[in-house]
Amino acid sequence: MELTERLAAALAEILPVQREDDGALTVPHDETFASLRVVTIAEGLEMVSLTQVLAWDLPLDAKIRARVAKHAHDTLLGTVSMVEKIGVAGPGPRKTGDVLLRYNFPAAGLTDDALRTLVLMVLATGADVRRALVA
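Set out below in structure tokens:
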């Protein structure tokens, strides 16, 4: 069974899994959602690439930037980053940010249980960061 199918089956036991047209899997988890995709780097080396959207359209100020920077520094399972956007709301431009967690790992040799556990640990980390940011 190919890795994408194994990943989908392992996660479907505990989370709703949506298969996207481009081959990615989308899963919701604790007020976040994540996209998982299998990428073949070289023969015998398949990576799972996970991108979790933690928060979106956060009003940007020094306090939010500092909190995101702290999580980016302190988070071990994944890389926390913020994408800043400028939109128009009211009389002038308004800066907002989307916060993401990214994590890539090689999946060779992982059992289905280990694969599921690792993904859930990363998703739980992202949910913790979200709660800290939007509280």
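According to the numbering used here, the sequence shown is numbered sequentially starting from 35. Where a beta carbon is used, it is the ideal one built from N, C-alpha and C, also for glycine.
- Rounded to the nearest angstrom, the gap between the Cα atoms of Asp64 and Thr151 is 16 Å.
- Secondary structure of Thr145 (DSSP, three-state): coil.
- A direct Cα-to-Cα measurement between Glu80 and Val153 gives close to 15 Å.
- Only buried fits Gln86, as 16 or more other CB atoms lie within 10 angstroms of its CB.
- C-alpha of Leu59 to C-alpha of Leu70: approximately 5 Å in a straight line.
- Where Leu79 is concerned, there is no enclosing alpha helix (DSSP H), although the beta strand (DSSP E) around it starts and stops at Leu79 to Pro93.
- Note on Leu110: under 16 other CB atoms within 10 angstroms of its CB, so exposed under the neighbour-count rule.
- Within the same chain, Leu88, Ala89, Leu92, Ile98, Arg101, Val102, His105 and Val133 come within 8 Å of Leu167 by CB-CB distance, once the 5 residues on both sides are set aside.
- A check of alpha carbon separations from Thr159 across Leu149, Leu45 and Thr66 identifies Thr66 as the nearest.
- Classified as buried, Ala44 has 16 or more neighbouring CB atoms from the shown chains inside 10 Å of its CB.
- Residue state for Asp162 is assigned as helix, using DSSP reduced to three classes.
- Under the three-state reduction of DSSP, Leu134 is assigned to strand.
- For Thr113, the CB contacts under 6 Å within the same chain, skipping 5 residues up- and downstream, are Arg136 in chain order.
- Burial check for Val73: the Cβ neighbour count within 10 Å stays below 16, so the residue is exposed.
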